[in-house]
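Every position in the sequence shown, counted from 1, becomes a number in my numbering once 8 is added. Just so it is clear, CB atoms sit at the ideal spot from N, CA and C, and this is done for glycine as well.
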Amino acid sequence: MEVKILLKESEMPKEWYNIMPDLPSPLPPPLHPGTKKPVGPDDLKAIFPMALIEQEMSPERWIKIPEEVLKIYTLWRPSPVYRALRLEEALKSPAKIYYKYEGVSPAGSHKPNTAVPQAYYNKKEGIKRIATETGAGQWGSALCFATRLFGMECTVYMVKVSYEQKPYRRSMMETWGGKVIPSPSNLTNAGKQILAGDPNSPGSLGIAISEAVEDAATHPDTNYSLGSVLNHVCLHQTIIGMEAKKQLAMVGDYPDVVIGCVGGGSNFAGMAIPFVQDKLAGKKVRCLGVEPAVCPSLTRGIYAYDFGDAVGLTPLLKMYTLGHSFVPPRIHAGGLRYHGDAPLLCHLLKLGLVEAKAYTQRPVFEAAVTFARAEGIIMAPESAHACKAVFDEVERCKQEGKKETILFNLSGHGLVDMAAYDDYFSGKMQDVALSESELKKAMADLPKV
Ligand SMILES: Cc1ncc(COP(=O)(O)O)c(C=O)c1O
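Printed below as a string of structure tokens:
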């Protein structure tokens with residue numbers, strides 16, 4: 009039996025899949041925060057290139073991947089699917105377990121799948137510099153890598169708690185020529201506003217987004233780039249699920265359940281959406297997104313229009329949100345500390361086409377360590393959330409006497425996250441709980457629409 013299921017470079021998908029025309033009901037549009045009317049291309053062109061704005065709103069089912077992007081993708085794509093035979097044995101699993109491994113990219117996660125096309129389209133439209141935010145440092149390093157390939161500059165606002173916890177992610181970004189600033193900073197009005205309220209703010213993705221958007225909006229040669237949440241990001245990530253589908257077909261298999269972790273929702277959306285396409289055509293498949301219990305937007309948030317950032321600079325997005333002012337506790341999965349989720353993913357959840365669940369971090373790390381001892385790969389704390397859900401699905405299969413097929417997205421390696429594993433082994437890692445009153449506090453700040 010093959011352990012690695014590999015596609016040839018020539019078999020890599022040449023188009024991204026846009027689910028928009030196949031949705032049973034249309035996606036609620038982003039709204040202008042002032043007029044509360046749907047935003048148009050003109051509202052976005054101060055910070056995004058036209059090609060990405062078009063993709064954000066495109067009604068086309070298939071969107072051609074540019075030749076230059078395909079060429080760069082071949083540095084790590086197609087990524088492998090593994091049959092986790094050793095893990096199945098360790099867990100005495102009646103279920104077959106497959107994982108798609110996105111940690112093979114130069115930056116170590118799925119993030120370059122969208123960083124490369126985003127840098128490409130910006131370069132084509134004459135942009136010299138891109139400003140962005142990063143949580144765990146995965147997105148920032150992906151964009152520094154991608155902008156370097158196109159000879160552009162990159163400024164990264166890195167959530168302060170991660171900047172302190174993950175110095176080597178900063179070194180990676182600097183190796184690719186990026187400039188890294190701990191956020192909140194006093195270089196932007198947004199950062200100053202947050203620091204005035206809390207000089208010791210650990211930062212959050214929402215705050216770092218405010219800083220990067222402001223930087224881009226105030227410099228004509230600079231655009232902003234987002235590593236998750238938006239439709240075009242989920243679109244670029246669909247290459248994950250399309251490849252995986254082909255790879256399972258090569259061994260005559262199809263998943264009963266597809267699992268991914270959720271921060272802003274892009275890797276899970278990218279993995280799940282090509283399967284949701286099948287589900288809409290009548291196929292039986294479950295798609296399960298997994299988030300941290302301290303930032304439970306999908307499982308405990310409310311479905312409402314909210315800002316994408318902390319300060320309120322972005323359009324209003326219809327999403328499951330904890331409130332844009334919510335600052336999640338400091339967990340190790342920095343990339344999952346976002347108050348909302350991709351509107352597209354939230355819409356799929358609302359329609360019952362995907363499911364969601366949440367875990368605290370200790371059981372998540374316990375699963376990741378078991379996985380590493382069986383399969384070898386030491387995964388990112390973010391990906392470990394998906395892994396824990398796989399273990400629970402295996403338990404369910406045992407209890408129900410079922411032999412299902414489980415596919416999960418191992419979104420990135422954890423080799424720059426070893427401090428988190430140290431904390432787990434030393435017993436320092438806390439399972440923080442979030443009270444109902446803490447959750448309600450930030451939700452009270454939701455904009456009125
Ligand atoms: C390895 C890894 N997985 C998952 C995520 C979460 O992002 P998303 O939900 O957009 O895939 C991140 C974000 O930084 C990440 O670094």
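- If you draw a straight line from the Cα of P57 to the Cα of V241, it comes to about 14 Å.
- Looking at the DSSP output, Y25 shares a beta bridge with W70.
- Using a Cβ distance threshold of 8 Å, D317 and V188 do not count as a contacting pair.
- When distances are taken from the beta-carbon of G348 to the heavy atoms of ligand 1, even the shortest one reaches 7 Å or more.
- At the C-beta level, V319 and Q201 come within 8 Å of one another.
- Contact between the region 302-309 and the region 123-137 is absent: fewer than 3 CB-CB pairs across the two stretches fall below 8 Å.
- The beta carbon of P32 sits closer than 8 Å to the beta carbons of L288, L359 from its chain, once the five residues preceding and following it are set aside; these are given in chain order.
- Taking 7 Å as the cut-off, the C-beta of V270 counts as close to a heavy atom of ligand 1.
- L60 is the residue among A144, L60, S193 whose C-alpha sits nearest the C-alpha of E133.
- Collapsing the DSSP output to three states places Y176 in a helix.
- Short of 7 Å from the beta carbon of F334, and not among the five residues preceding or following it, lie these beta carbons of its own chain, in chain order: H347, A450.
- Per DSSP, the continuous alpha helix (DSSP H) segment holding M58 begins and ends at 58-65.
- Beyond the five residues adjoining it in sequence on each side, C269 comes within less than 8 Å, by CB distance, of N275, F276, G297, V298, E299, A341, L344, E390, S391, A392, H393, A394, N417, S419 in the same chain, given in chain order.
- With respect to the C-alpha of A388, the residue from K326, M426, T246 having the closest C-alpha is M426.
- One thing to note: G235 has its Cβ no nearer than 8 Å to the Cβ of M279.
- Residue nearest to G211 within the set L324, L83, P337 is P337 (criterion: CA-CA distance).
- Burial state of G159 is exposed, judged by a 10 Å Cβ sphere holding fewer than 16 other Cβ atoms.
- Put simply, the backbone Cα of V293 is about 11 Å away from that of L415.
- DSSP places T142 in the uninterrupted beta strand (DSSP E) bounded by 137-142.
- In the structure shown, E299 falls within a strand segment according to DSSP collapsed to helix, strand and coil.
- Out of M9, G331, Y429, P371, the CA that lies nearest to the CA of D439 is found in P371.
- The closest CA to that of I13, considering only Y25, L93, D30, is found on L93.
- Looking only at P228, E23, Q146, D229, the smallest Cα-Cα distance to W70 is reached by E23.
- With a minimum length of 4 residues, the unbroken runs of alpha helix (DSSP H) contained wholly in the region 272-329 fall at 274-288, 305-308.
- Boundaries of the beta strand (DSSP E) around S191: 187-191.
- The criterion of a C-beta distance shorter than 8 Å is satisfied by V89 and Q255.
- In this structure, A139 lies near A224, with their beta-carbon atoms less than 8 Å apart.
- Q146 has its Cβ nearer than 7 Å to a heavy atom of ligand 1.
- The beta carbons of D430 and H332 sit no closer together than 8 Å.
- Annotated as distal: M28 and L39, with beta-carbon spacing of 8 Å or more.
- Per DSSP, G268 is one residue of the beta strand (DSSP E) stretching across 265-269.
- In the displayed model, V457 falls within coil according to three-state DSSP, outside both helix and strand.
- The alpha-carbon separation between G145 and M166 amounts to approximately 7 Å.
- The criterion of a C-beta distance shorter than 8 Å is not satisfied by I80 and L151.
- Boundaries for A103: no alpha helix (DSSP H) harbours it, and the DSSP string shows neither H nor E there.
- Going by beta carbons, D229 and R85 fall outside the 8 Å limit.
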